[in-house]
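So in my numbering, spot 305 of the sequence shown is number 889, and the numbers just go up one at a time.
For reference, the structure discussed in these notes is given below.
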Amino acid sequence: MKKWIAAARLRTLPLSMSGLLLAGFIAKYNGIYQGDIFALSLLTTLAFQILSNYANDYGDAMKGTDKHRVGEQRAVASGLISAKQMKTAIGVMIVVSLISMCALLYVAFVPDHIDALVIFIALGVACILAALFYTMGKKPYGYMGLGDVFVFIFFGLVAVLGGEFLYSKTFNWMNVLPAASMGFWSVAVLNLNNMRDIENDVRNHKITIASKLGLQNSKYYQMALMTLPFLLSAFYVSLLPGKQGKLSGFVFLILIFLANSLRRQIFTVNDPKELDKYLKPVSLLALFFALLLGYSLIGFDFIDTLIR
Numbered sequence: 585m586k587k588w589i590a591a592a593r594l595r596t597l598p599l600s601m602s603g604l605l606l607a608g609f610i611a612k613y614n615g616i617y618q619g620d621i622f623a624l625s626l627l628t629t630l631a632f633q634i635l636s637n638y639a640n641d642y643g644d645a646m647k648g649t650d651k652h653r654v655g656e657q658r659a660v661a662s663g664l665i666s667a668k669q670m671k672t673a674i675g676v677m678i679v680v681s682l683i684s685m686c687a688l689l690y691v692a693f694v695p696d697h698i699d700a701l702v703i704f705i706a707l708g709v710a711c712i713l714a715a716l717f718y719t720m721g722k723k724p725y726g727y728m729g730l731g732d733v734f735v736f737i738f739f740g741l742v743a744v745l746g747g748e749f750l751y752s753k754t755f756n757w758m759n760v761l762p763a764a765s766m767g768f769w770s771v772a773v774l775n776l777n778n779m780r781d782i783e784n785d786v787r788n789h790k791i792t793i794a795s796k797l798g799l800q801n802s803k804y805y806q807m808a809l810m811t812l813p814f815l816l817s818a819f820y821v822s823l824l825p826g827k828q829g830k831l832s833g834f835v836f837l838i839l840i841f842l843a844n845s846l847r848r849q850i851f852t853v854n855d856p857k858e859l860d861k862y863l864k865p866v867s868l869l870a871l872f873f874a875l876l877l878g879y880s881l882i883g884f885d886f887i888d889t890l891i892r
């Protein structure tokens, strides 16, 4: 069991939940929060993320990319789990993801919003395909420099906008701002991972934004990715009714001091392998950003939203 837990890469799970957490807080602010949708959305995104991690483990191993990688040991490449066993686990996680997704969509859209149900079924299938073909297949998009784009879309726009739509059944353009914020945080974690693996990726002909920019320019890219969420979310809060001019709405900005500290440390790194230790702090920073932005929106109802 330990090897399967390790292959699930638990340190990636908090980041995967951040967008759906924020969507729940936005729903609470708008008075449309539902606990069953909140719980099922988190369960579904966890299933998607574990599926993605298993698929990435398998895909990279089959392409030989993980032979000399830095960071967490990969299960298939190291021999802890056979390729056949991982393929079976991927199949199981596809089934789990589909069951969780169907339960979520049933609660959210049946019987009054069947038109939206059809759209979200297609979106859910797209999420599963995106999880599979990041590294699997003959032309995985993660090897074509498209990883940043897909992560921004699925971990940011789909997670927050789609997550909030489950409650409201409507689209609010203002929510693009927090959605993009979470998208940039997710890309920041991915870019940090790609910066760490830049030498190995170049060796294995894996194209990433980091491998194209080079280490130094990737650092500037990283700085932008860790700055934009604060600017976009501050603008978002300033537009919300009842939040204009209230300092309580900008509590999340206290995290900018931690972000600045991490940015400075990352910028001074010369050996890409040393970047591995910053993956967890940046992932947790993204999670705390979502939580504190949620607190900025709903104040003392914050804890109540988590436990109900």
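Backbone N, C-alpha and C define an ideal beta-carbon position, used for all residues, glycine too.
Identified DSSP bridge partners for residue i
i	result
Met728	Ile791
Classification of residue i by the beta-carbon crowding that lies within 10 angstroms, buried from 16 upward
i	result
Tyr690	exposed
Ser832	exposed
Met758	exposed
Gly643	buried
Val676	exposed
Leu713	exposed
Thr719	buried
Leu809	buried
Leu771	A small correction: the amino acid at residue 771 is Val; Leu does not occupy that position in the sequence shown. Buried.
Gln800	exposed
Pro724	buried
Leu894	The first residue shown for the chain is 585 and the last is 892, placing residue 894 beyond what the model contains.
Where the alpha helix (DSSP H) containing residue i begins and where it ends
i	result
Lys723	It is not in any alpha helix (DSSP H) - Lys723 carries neither H nor E in the DSSP assignment.
Pro762	760-780
Glu858	Where Glu858 is concerned, there is no enclosing alpha helix (DSSP H), given that its DSSP letter is neither H nor E.
Phe693	667-693
Val709	698-716
Asn756	First-last for Asn756: undefined, no H or E at that position.
Gly878	863-882
Ser822	812-823
Phe851	839-851
Leu809	799-809
Selection from the options that minimises the alpha carbon distance to residue i
i	options	result
Ala874	Arg593, Leu594, Leu604	Leu604
Ile634	Asp785, Leu859, Ala592	Ala592
Leu716	Asp641, Thr628, Phe739	Asp641
Leu664	Lys586, Ile616, Leu597	Lys586
Pro856	Glu783, Ala687, Leu597	Glu783
Leu707	Tyr805, Phe622, Thr628, Ser822	Thr628
Ile882	Thr596, Phe841, Arg595, Leu606	Leu606
Ile621	Trp588, Val709, Gly746, Leu863	Gly746
Pro762	Ala843, Ile678, Phe836	Phe836
Val773	Ala661, Leu797, Leu877, Gly731	Gly731
Ile678	Ala661, Val709, Arg658	Val709
Tyr751	Met728, Phe632, Ala623, Gly726	Ala623
His789	Ile616, Ser681, Met728, Thr754	Met728
Ala687	Ala611, Lys722, Ser625, Thr672	Ser625
Phe755	Arg595, Ile610, Lys864	Ile610
Ala667	Met685, Ser681, Asp699, Ala645	Ala645
Ile683	Ala700, Lys753, Phe632, Met670	Phe632
Phe841	Leu797, Phe814, Gly726, Ile589	Phe814
Met601	Gln806, His697, Leu823, Ala743	Ala743
Val866	Ile793, Asn777, Ile589	Asn777
Met766	Pro825, Leu812, Asn775, Asp785	Leu812
Leu863	Met670, Leu877, Lys671, Ala843	Ala843
Leu868	Thr596, Ser636, Ser880	Thr596
Lys861	Phe872, Ala870, Leu846	Leu846
Closer than 7 Å: residue i CB and nearest the ligand ATP heavy atom
i	result
Ser636	Questions concerning the ligand ATP fall outside what the structure shown contains, since it holds no ligand whatsoever.
Runs of alpha helix (DSSP H) wholly within the region 592-663 (minimum 4 residues, chain order): As far as the region 592-663 is concerned, its whole alpha helix (DSSP H) runs of at least 4 residues are 597-613, 619-647, 659-662.
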